[in-house]
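Everything on this sheet refers to the single structure shown next.
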Amino acid sequence: MKTLIENFSGQLSEAVKIGEAAELASCDKTLTNVLVSGLGGSGIGGTIVSQLTAGDANVPINVNKEYGIPKYISENSLVIISSYSGNTEETLQSMEYAISSGAEVACITSGGEVLKIAQENNLNHIVVPGGMPPRACLGYSLTQLLYLLDHYGITSYDFRNDLRASIDLLIQEEDNITEEAKKVAESLSNKIPIIYSTAGFEGVSIRFRQQLNENSKMLCWHHVFPEMNHNELVGWRNKSEDIAVVLLRNDSDPERVKTRVEICKDIFSIYLMMNTCVLKMNDTCRNRHRISCCSDYCTLDTFGCKCIIQV
């Protein structure tokens, strides 16, 4: 896993080449909505991309993590099936429903049943390299989602330039990212992490949580501002030595949200036995990649710290 994380920038570079070389048929339908169907490491790219393109997409982009599909899916829908293995049970079922609905269906996979069905039905599909854990392939899935949305005219976002900037940033910042990850990991060792971000960056928080679950083998939860101010904040009434907080801060957060976050930091300091960790980013693809990469390193370091302490 460590080797795969270290090659995240290389994976993005390869993903760009795959996207540029993809042979996709045109679509003459008037598309009115997009549904990205996928779970786990195959599905998180959909959540991140839907938030990244929220201000640019000309139709709604929703994410599906169930066996079925929403009733509104029709011949004017674009359903993107994302299954790294190509054999995800839930995604295969939703793929069957999507095809039956007459929707435009496109796929991202490394093989399996998804690729077989896509070929049999002449569906647009992009094949990515196989043989890796799905959670280690965010660079592939997220990048191909951007290419598909561009192909179908859903977005006009200059993602190619942002992807190039992501690759450059990850290479230039590698040492800083790993050092930052080690500091966060030390603060999370033997704790239950809580990850907070604004609603528009929830996908990055979920990614962090998933990696802590799978790489660090630990429980974790996340919540978003300002929603948490209306419920979860009350749960901070009791002090706990078992909790650690990571705040994902964004320069483009609304001023009122920034104020809420600062107030909550003060509240956390009263009830926590340690300082809150803060990871800063801004509203670009490259900084979402940076935080995702940092969280990946962090989860490995957290697992390492936990093993050392247990021994």
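Residue numbers (our numbering): 10 to 320.
Glycine included, every Cβ here is placed at the ideal spot set by N, Cα and C.
Between the stretch 184-196 and the stretch 110-126, the count of C-beta pairs closer than 8 Å stays below three; the two stretches do not touch.
Partner residues in the beta bridge of Thr118, as assigned by DSSP, are Ser92 and Val136. The beta-carbon separation of Ala31 and Tyr149, rounded to 12 Å, does not stay under the 8 Å limit for a contact. The residue from Ile279, Glu264 and Val233 with its alpha-carbon nearest to that of Glu250 is Ile279. Per DSSP, the unbroken alpha helix (DSSP H) holding Asn185 starts and ends at Glu183 to Leu197. In the structure shown, the three-state DSSP call for Cys273 is helix.
Relative to Gln153, the option among Glu29, Gln60, Leu87 and Thr97 whose CA is nearest is Glu29. DSSP places Val68 in the coil class of the three-state scheme, outside both helix and strand. Each residue's CA atom was taken as its position, placing Ala107 and Thr62 some 23 Å apart. Here DSSP, grouped into helix, strand and coil, assigns Pro142 to coil. By the neighbour-count criterion, in which a residue is buried when 16 or more other Cβ atoms sit within 10 angstroms of its Cβ, Ala34 is exposed. Taking Ala127 as the centre and dropping the five residues before and after it, the same chain places the C-beta of Cys116 and His134 closer than 6 Å to its C-beta, in chain order. Burial check for Glu98: the Cβ neighbour count within 10 Å stays below 16, so the residue is exposed. Residue pairing of Leu179 in beta bridges, as defined by DSSP: absent, with no partner found.
According to the DSSP assignment, Arg258 belongs to the beta strand (DSSP E) that extends over Ile252 to Asn259. Of all alpha-carbon atoms in Leu48, Asn199 and Thr268, the one lying nearest the alpha-carbon of Asn259 is that of Thr268. C-alpha of Met227 to C-alpha of Ser214: approximately 15 Å in a straight line. Taking the C-beta atoms as reference points, Ile27 is found no nearer than 9 Å to Leu158. Under the 8 Å Cβ criterion, the stretch 232-241 counts as touching the stretch 198-211, having at least three qualifying pairs.
Check the Cα spacing between Asn67 and each of Thr41, Asn170 and Val58: the tightest is with Thr41.
Glu29 carries a helical assignment under DSSP once its states are collapsed to helix, strand and coil. The beta carbon of Cys146 sits closer than 6 Å to the beta carbons of Tyr93 from its chain, once the five residues preceding and following it are set aside; these are given in chain order. Contact between Ile57 and Arg216 holds: CB atoms are separated by about 7 Å, below the 8 Å threshold. Lys192 and Thr285 have their C-alpha atoms roughly 12 Å apart.
Secondary structure note for Tyr205: its beta strand (DSSP E) is the uninterrupted segment Ile201 to Thr207.
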